[in-house]
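Residue numbers in the sequence shown follow my numbering, run continuously in steps of one, and reach 779 at the last position. Ideal Cβ placement from N, Cα and C applies to all residues, glycine included. Please read all numbers here as calculations on a predicted model, not as lab measurements. See below for the structure under consideration.
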Amino acid sequence: MTSPASPNIAAFGAWPSTISAARVAAGATPLSSLMLGGSDGGDIFWLAGRAAEAGRNTLLRYHGATTEELTPAPFNVRSRVHEYGGGAYAAEGETVYFSHFKDNCVYRVIPGDAPVAVTQAGKQRFADFVVDRARNRLIGVRELHGDDEHAQPTNTICAIDIAGGAETVLAQGADFYSSPRLSPDGRSLVWLSWDHPRMPWQGTTLWLADINADGTLATPKRIAGGEEESICQPEWSPDNLLHFVSDRSGWWNLYRLRADRVRTEGLCPMEAEFASPHWTFGNSMYGFRSASEIICTYIDKGVSRLARLLPGSGKLEAIANPYEEIRELRVGPGYIAMLAGGPTIPMELARIDFTEEGVEILAQSIDDLPEEANLSIPTSISYPSANGRTAHAFYYPPRNQDVQAPAGSKPPVIVISHGGPTGMTVNTLNLKTQFWTSRGFGVLDVNYGGSTGFGRAYRDLLKGQWGIVDVEDCVAGAQALVERGLADGERLIIRGGSAGGLTTLCALTFHDVFKAGASYYGVSDLKGLDQDSHKFESHYNEYLIAPKAQADAIYAQRSPINHTDKLSRPMIFFQGLDDKVVPPQQSEMMVDALKKRGIPVEYVPLEGEGHGFRKAENIIRTLEAELDFYQNIFKLNHA
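Now the structure itself:
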């Protein structure tokens, strides 16, 4: 009888792994923008990112038992409204209308035919469509740019005539609009608006207007929302009752407008989140099985639940499923379609039939999954942070069935500060995380104060405190792992992208816990960010830091670029040269400052990449460069 082979012995951080950077890139197939259509509502549409095709988004349809691509290259189904986009297409029966990234035109495509342009090329961008079948038009959000690239665009609710492409403004005057939704009887339209300096998770207003015979809107009526109430995802039930999500209680909960259109009522008050922050258009976390039954997902302590809600009684019944993140949900005739994942499940398109048990998988973001024995399964942890706060994170221990570390040694740990900063991290299987854990790194993915998924009070911890609370929670998380014997205190790393890049830079500049770091298109100069920012985020710092009149002194205090004399830790920077959200100079200034001081620093600029990297070759390049950087700094290959 042969005994099992003994595992190899190798230092933490230097383990051989089958999860290569190329394998990560090959599995980088983002799934997004779930929609239903077809003559009977049985078709499922979604977008898939193609890293091997320069990161373009293509539209797929599941029809019957087959999947077909509706937008072959070079079409790229993507919107740049608010720069973050989303809501780039709408399905109506067999027909789909979509925004093409290259020219910002709206196209129409019918399965089997080539896409045909509906609008003319110009300075306008479109998103968040709904089809107004009775009037042969689309209604959506239009962002109109002028000749001056430094001037802010004008946002409106706009109708597009499908036959000729003519554009008609229906609602204007606010700084931002989203979520136009047409009632089932076609007589009324609702939408959301908000104004500077607020972001949509701070305060939005829900409007309702009847549609006149000529297609214009009657005088709008404010239904809910305001400067301190965030409204999300307005939807109509099959019997023409308006539903929406509000955080008026401190949690994003479901409400509806009564038939008298005067009063609103809560449907299921609870300390859970039935919505997520409006960074992109078209998010959907609930839908209607019938006028008397809602299928919804909600976030409870950072984990998604699936449930059936009966509005008449407020009764909420759990629906069994294997997922811990449900990113999008749509309800079709007799089924639920979801984009969902879990600790051992990559983001996938799943279909649950109401009359059958089990889950049917229609698409996965990762085709070549590692063996489960090589997957690090995260643990949800909470730990004390500064000023009596409790912070939350997912901890991933090193794991590789073929390798063990020398007895008594402790692993280097990478602390991840997510972007946003109004956002959250989730525990869905991500090969980028497994790339590290399979090599003997621990990973702590932090939902610092200011993250969503834990109620408005937790979200507002970052109000005026960006660069402080988030940093303190990341520092406290690293220290908690050291105290628990899970990390080598001399090999603590912090990495983050975008807003998480500021957290990373502040942690390395103003604290002495982390020994190295990586900034992906991170913020280093808050004042410069204000000056260069696009419209959507141009006043975001008034919430995160201070109103503009009082901001300069605080900007100077918190911006790492002003304190490079305190930064003595090795760093590596990654930056897309086409980034309009965090421009390249934010990284380049830091790199130059560190070089002048003789601090070990590397810079990886990437042509043709914006805010986030989409191309397979650049995903590979960045991961390999980051790994080499850490191994060289800590001499991991020589331990």
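Any idea what DSSP makes of residue 155, helix, strand or coil?
For the purposes of this step, residue 155 is identified with residue 15 of the sequence shown, where counting begins at 1. If DSSP states are grouped into helix, strand and coil, residue 155 belongs with coil.
Could you check where the beta strand (DSSP E) with residue 375 kicks off and where it finishes?
As a working mapping, residue 375 is identified with position 235 in the sequence shown. Unbroken beta strand (DSSP E) run through residue 375: 371-376.
Since residue 505 and residue 763 are thought to touch, with beta carbons under 8 Å apart, how far apart are those beta carbons, to the nearest angstrom?
In the sequence shown, the residue the question calls residue 505 occupies position 365. In the sequence shown, the residue the question calls residue 763 occupies position 623. With 8 Å as the limit, residue 505 and residue 763 do not qualify as a contact, their Cβ atoms being about 17 Å apart.
Below 8 Å on the Cβ atoms is my contact criterion, and I expect residue 595 with residue 343 to pass it. Report the Cβ-Cβ distance as a whole number of Å.
Along the sequence shown, read from residue 1 onward, the residue named residue 595 stands at position 455. Along the sequence shown, read from residue 1 onward, the residue named residue 343 stands at position 203. Contact between residue 595 and residue 343 is ruled out by a C-beta separation of about 16 Å, above the 8 Å threshold.
The alpha helix (DSSP H) enclosing residue 773, as first and last residue numbers:
Sequence index remark: in the sequence shown, residue 773 carries index 633 (1-based). Counting along the chain, the alpha helix (DSSP H) containing residue 773 begins and ends at 756-773.
Length of the line joining the Cα atoms of residue 698 and residue 348
Residue 698 sits at position 558 when you count from the first residue of the sequence shown. Residue 348 sits at position 208 when you count from the first residue of the sequence shown. Computed Cα separation, rounded: 42 Å.
Counting Cβ pairs, one atom from each stretch, are 3 or more of them under 8 Å apart for the region 204-219 and the region 655-670?
no
Please give me, in chain order, every unbroken run of the beta strand (DSSP E) with length at least 3 that falls completely inside the region 523-607.
530-536, 553-557, 582-587
For residue 295, which residues of its own chain have a beta-carbon under 6 Å away from its beta-carbon, when the five flanking residues on both sides are left out?
Position 155 of the sequence shown holds residue 295. If the five residues before and after residue 295 are omitted, its C-beta is found closer than 6 Å to the C-beta atoms of 283, 316, 317, all from its own chain and listed in chain order.
Is residue 676 helix, strand or coil when you go by DSSP?
Translated into positions along the sequence shown, residue 676 becomes position 536. Three-state result, residue 676: helix.
Residue environment, residue 159, which counts as buried when at least 16 other CB atoms sit within 10 Å:
Taking the sequence shown and counting its residues from 1, one reaches residue 159 at position 19. Result: buried.
In the DSSP output, what is residue 175 paired with across the bridge?
Sequence index remark: in the sequence shown, residue 175 carries index 35 (1-based). The partner list for residue 175 (beta bridge, DSSP) reads 185.
Does the beta-carbon of residue 470 have 16 or more other beta-carbons within 10 angstroms, so that it is buried, or is it exposed?
Taking the sequence shown and counting its residues from 1, the one referred to as residue 470 is at position 330. With 16 or more Cβ atoms within 10 Å of its Cβ, residue 470 is classed as buried.
Given residue 200, which residues of its chain have a CB within under 8 Å of its CB, disregarding the five upstream and five downstream residues?
Along the sequence shown, read from residue 1 onward, the residue named residue 200 stands at position 60. So the qualifying residues of the chain are 185, 186, 187, 188, 207, 208, 209, 210, 503.
In DSSP terms, what residue 321 is bridged to
Along the sequence shown, read from residue 1 onward, the residue named residue 321 stands at position 181. Looking at the DSSP assignment, residue 321 forms a beta bridge with 330.
Beta strand (DSSP E) containing residue 455: first to last residue?
The sequence position of residue 455 within the sequence shown is 315, counting from 1. Element bounds for residue 455: 455-458.
Could you compute how far the alpha carbon of residue 707 sits from the alpha carbon of residue 615?
Stepping through the sequence shown from its first residue, residue 707 is reached at position 567. Stepping through the sequence shown from its first residue, residue 615 is reached at position 475. Approximately 16 Å, taken between the alpha carbons.
Distance CB(residue 753)-CB(residue 730) smaller than 8 Å
As a working note, residue 753 is residue 613 in the sequence shown. As a working note, residue 730 is residue 590 in the sequence shown. Cβ distance not < 8 Å, so residue 753 and residue 730 don't count as in contact.
With DSSP run on the structure shown, which of helix, strand or coil describes residue 244?
Here residue 244 refers to the residue found at position 104 of the sequence shown. Here residue 244 sits in coil by DSSP.
When you compare only the Cα positions, how much space is there between residue 270 and residue 278?
Position 130 of the sequence shown, counting from 1, holds the residue named residue 270. Position 138 of the sequence shown, counting from 1, holds the residue named residue 278. When rounded, the distance between both Cα atoms is 6 Å.
Pairwise C-alpha distance: residue 665 and residue 256
Within the sequence shown, residue 256 is the residue found at index 116, counting from 1. Within the sequence shown, residue 665 is the residue found at index 525, counting from 1. Their backbone Cα atoms lie some 44 Å apart in a straight line.
Any idea what DSSP makes of residue 683, helix, strand or coil?
Along the sequence shown, read from residue 1 onward, the residue named residue 683 stands at position 543. Residue 683 falls in the helix class under three-state DSSP.
Where residue 142 falls: helix, strand or coil (DSSP):
Translated into positions along the sequence shown, residue 142 becomes position 2. Note that residue 142 scores 40 on pLDDT, short of 50, meaning its location in the model is unreliable and no value can be drawn from it.
Within the region 428-514, note down every full beta strand (DSSP E) run reaching 3 residues or more, in order along the chain.
433-440, 443-450, 455-458, 465-472, 475-482, 485-493, 500-504
If you measure between the beta carbons of residue 180 and residue 473, is that distance less than 8 Å?
By 1-based counting over the sequence shown, the position of residue 180 is 40. By 1-based counting over the sequence shown, the position of residue 473 is 333. Yes, they are a contact pair.
Hey, residue 223 and residue 676: beta-carbon distance below 8 Å or not?
Your numbering for residue 223 matches position 83 in the sequence shown. Your numbering for residue 676 matches position 536 in the sequence shown. Closer than 8 Å, so yes.
Could you check the C-alpha separation between residue 493 and residue 476 for me, to the nearest Å?
By 1-based counting over the sequence shown, the position of residue 493 is 353. By 1-based counting over the sequence shown, the position of residue 476 is 336. Approximately 7 Å, taken between the alpha carbons.
Close beta carbons around residue 481, own chain, < 7 Å, minus the five adjacent residues each side:
As a first step, residue 481 must be located in the sequence shown, where it is residue number 341. Around residue 481: 463, 465, 487, 488, 568, 569.
How would you label residue 719, buried or exposed, when you count the other beta carbons within 10 angstroms and need 16 or more for buried?
As a working mapping, residue 719 is identified with position 579 in the sequence shown. Buried, because 16 or more other Cβ atoms sit within 10 Å of the Cβ of residue 719.
Verify the CB distance criterion: does residue 625 have a CB-CB separation below 8 Å to chain C?
The structure shown contains no chain C; it is built from a single protein chain.
Whole-Å CB distance - residue 566 paired with residue 617, under 8 Å assumed:
Numbered from its first residue, the sequence shown carries residue 566 at position 426. Numbered from its first residue, the sequence shown carries residue 617 at position 477. Between residue 617 and residue 566 the Cβ distance is about 16 Å, and since that is not below 8 Å, they are no contact.
Does DSSP put residue 728 in a helix, in a strand, or in coil?
Along the sequence shown, read from residue 1 onward, the residue named residue 728 stands at position 588. Residue 728: helix per DSSP, three-state reduction.
According to DSSP, residues forming a beta bridge with residue 270
Translated into positions along the sequence shown, residue 270 becomes position 130. Bridge partners of residue 270: 279.
Just tell me which of 388, 679, 459, 376 has its CA closest to the CA of residue 721.
Here residue 721 is taken as the residue at index 581 of the sequence shown, counted from 1. The candidate whose alpha carbon is nearest that of residue 721 is 679.
Option in 696, 394, 243, 626 with minimal Cα separation from residue 214:
In the sequence shown, residue 214 corresponds to position 74, counting from 1. If you compare the alpha carbons of 696, 394, 243, 626 with that of residue 214, the shortest gap goes to 243.
Distance cut-off 7 Å: residue 410 Cβ against heavy atoms of the ligand COA
The ligand COA is not part of this structure, which contains no ligands at all.
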